[in-house]
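Chemist: In my numbering, the protein residues as written are 33 to 453.
For every residue, glycine included, the Cβ atom is placed at its ideal position computed from N, Cα and C.
These figures come from a predicted structure and were not determined experimentally.
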Amino acid sequence: MKISFLLHNAYGIGGTITTTFNLAQALAERHKVEIVSVLRHREHPDFVLDPRVTLRPLVDLRHERHDASHLRPARVFPRAEYRYRQYSELTDWRIREYLAGTDADAVIGTRPGLNVHLALEAPPHVARVGQEHLTLDNHSPRLRSALRRAYRGLDVLTTVTEADAGAYRRKMRLPRVRVETLPNSVPDPVLPAADSSAKVVVAAGRLVPVKRYDLLIEAFAVVAARHPDWKLRIYGKGEERDRLRQLIAELGLFNNVFLMGAAAPMEAEWVKGSIGAATSNFEPFGMTIVEAMRCGLPVVSTDCPYGPGEIIADGVDGRLVPVGDSAALGAALLELVGDDDERRCRGRAALENARRFAPGPVVAQAEELLMEAVSARRAGRRFVRSQTRARHVLVSQSFAARDAVITAAGNLRRTVQRGQR
33 MKISFLLHNA YGIGGTITTT FNLAQALAER HKVEIVSVLR HREHPDFVLD PRVTLRPLVD
93 LRHERHDASH LRPARVFPRA EYRYRQYSEL TDWRIREYLA GTDADAVIGT RPGLNVHLAL
153 EAPPHVARVG QEHLTLDNHS PRLRSALRRA YRGLDVLTTV TEADAGAYRR KMRLPRVRVE
213 TLPNSVPDPV LPAADSSAKV VVAAGRLVPV KRYDLLIEAF AVVAARHPDW KLRIYGKGEE
273 RDRLRQLIAE LGLFNNVFLM GAAAPMEAEW VKGSIGAATS NFEPFGMTIV EAMRCGLPVV
333 STDCPYGPGE IIADGVDGRL VPVGDSAALG AALLELVGDD DERRCRGRAA LENARRFAPG
393 PVVAQAEELL MEAVSARRAG RRFVRSQTRA RHVLVSQSFA ARDAVITAAG NLRRTVQRGQ
453 R
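#1: Can you give the Cα-Cα distance for Glu66 and Ile140, rounded to whole angstroms?
#2: If you run the structure through DSSP and keep just helix, strand and coil, what is Ser177?
#3: Helix, strand or coil for Glu75 per DSSP?
#4: Might you give, ordered along the chain, the residues of its own chain that have their beta carbon closer than 6 angstroms to the beta carbon of Cys203, omitting 5 neighbours on each side?
#5: Please classify Lys263: is it buried, with 16 or more other beta-carbons within 10 angstroms of its beta-carbon, or exposed?
#6: Arg278: buried (16+ other C-beta within 10 angstroms of its C-beta) or exposed?
#7: According to DSSP, what are the bridge partners of Gly350?
#8: Do you know how far the Cα of Gly308 is from the Cα of Ala422?
#9: Could you tell me whether the Cβ atoms of Arg104 and Glu129 are closer together than 7 angstroms?
#10: Around the C-beta of Arg143, are 16 or more other C-beta atoms found within 10 angstroms, so that it is buried, or is it exposed?
#11: To the nearest whole angstrom, what separates the beta carbons of Ile45 and Ala296, a pair I think is in contact under 8 angstroms?
#12: In three-state DSSP terms, what is Gly66?
#13: Please classify Ile45: does DSSP put it in a helix, a strand, or coil?
#14: What does a CB cutoff of less than 6 angstroms around Gly162 pick up in its chain, not counting 5 residues either side in sequence?
#15: Once DSSP output is grouped into helix, strand and coil, what is the label at Val108?
#16: Since Arg160 is in the beta strand (DSSP E), which residue starts that stretch and which ends it?
#17: Can you list, in chain order, the residues of its chain with a C-beta nearer than 7 angstroms to that of Leu352? Leave out the 5 residues immediately preceding and following it.
#18: From Arg413, Pro391, Ala408, pick the residue whose C-alpha is nearest to that of Glu61; which is it?
#19: Could you please give me the residues that DSSP links to Gly293 through a beta bridge?
#20: Grouping DSSP H, G and I as helix and E and B as strand, with all else coil, what is Asp92?
#21: If you draw a straight line from the alpha carbon of His157 to that of Ala235, how long is it in whole angstroms?
#22: Can you grab the Cα-Cα spacing for the pair Pro316 / Thr191, in whole Å?
#23: Using the C-alpha atoms, what's the distance from Pro221 back to Arg160?
#24: Identify the continuous alpha helix (DSSP H) that holds Phe252 and give its terminal residues.
#25: So Pro330 and Ala396 are in contact, right, with Cβ under 8 angstroms, and what is the actual spacing, rounded?
#26: Measuring straight from C-alpha to C-alpha, what distance separates Glu299 and Asp227?
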């Protein structure tokens, strides 16, 4: 089977790029896989790509920025989509040309505007799979209206959380489109897990307002006051960098809080820490949460919509605190900073719990969806959801695994407590 991913810009940095590369590389074990990047602005991507996966751009901004068609607005890519200003008549034409000539059995769109292109312009032989890496409720009413019309041309729509899949099923009226939860996967770690001894809290992501690193820095001031030997390392780049540097200076945290810049891959940095932190106001999934847990770090996170609550078992492998609550965040961090045994216990639980998001189970579900969608297209029939099993298989397995971790963690904690007596 040949699988093609249609991506906004593979040469940038972000969660959608990371998870697309992860899934493409895992599928390349058994299939022919390519990533088609609509835009390209540099020579090489930030992330190293498996040589078995072909990467090709449609519009190279280094050479075509002044083409007249690049200046005229896009007509297919929806105007209400966040990235609309980066699209044009030229991107419309290049995407249409790519889809018309593709020999892929399945094409996977990775953002709403590209899913619209796929739904409207893919040839009949292509299985059309749209991915939602944000959430339905995050989209404006105008964009939701455009998607409701266009998405009827998709075969499958995947979301990264069951909560969002439920929203699409209830609100979008897409009876002939199969809506499934397909969480992001994180590759199996290659380094030994963190041992919880380092006095370091680690956070990673774009330095943008929604990630609320200002909240994390303010909360960490309480930690630093009581445990001045602990450090906070924040990895990433973005528009908030100067403001965060100023906040660090105002709070006198020069010796405790460090803006580390971007790092890819992050695994080598996670294992240098003992606690992960995520403080977003909104998080469609929580890729960095899973990355940290897969490296053996318990994670303190805001309980924001949608992802953290489906990943973290509060009090077992991390903590969930109210959005925007600096005091609660500081208290949760102190809880782990001040108790070596509890931090170690939760780190082990995090490592076990995060196995749900290993490539194996996620790729298996993706592969099954793709093969069934391709078979349906070849047979000339619509791909409808199985009422008996498909909708909740991975989700039920995921929560069953988490329940097992909760039980195991409780047993481990009791064992530790008996040993201390």
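Modeler: Looking at the coordinates:
#1: 10 angstroms
#2: helix
#3: coil
#4: Looking at the sequence shown, residue 203 is not Cys but Lys. No residues qualify anywhere along the chain.
#5: buried
#6: Note on residue identity: the sequence assigns Gln, not Arg, to residue 278. Exposed is the call here.
#7: Val331, Asp346
#8: For Ala422, the predicted model reports a pLDDT of 41, less than 50, meaning its position is unreliable and no value from the coordinates is stated.
#9: no
#10: buried
#11: 7 angstroms
#12: According to the sequence displayed, residue 66 carries Glu and not Gly. Three-state DSSP puts Glu66 in a strand.
#13: coil
#14: Gly141, Asn147, Leu186, Leu189
#15: coil
#16: 159-164
#17: Ser333, Asp335, Pro340, Gly341, Ile344, Asp346
#18: Pro391
#19: Tyr267
#20: strand
#21: 44 angstroms
#22: 9 angstroms
#23: 32 angstroms
#24: 245-258
#25: Going by Cβ atoms, the distance from Pro330 to Ala396 rounds to 27 angstroms, so no, they are not a contact pair.
#26: 14 angstroms
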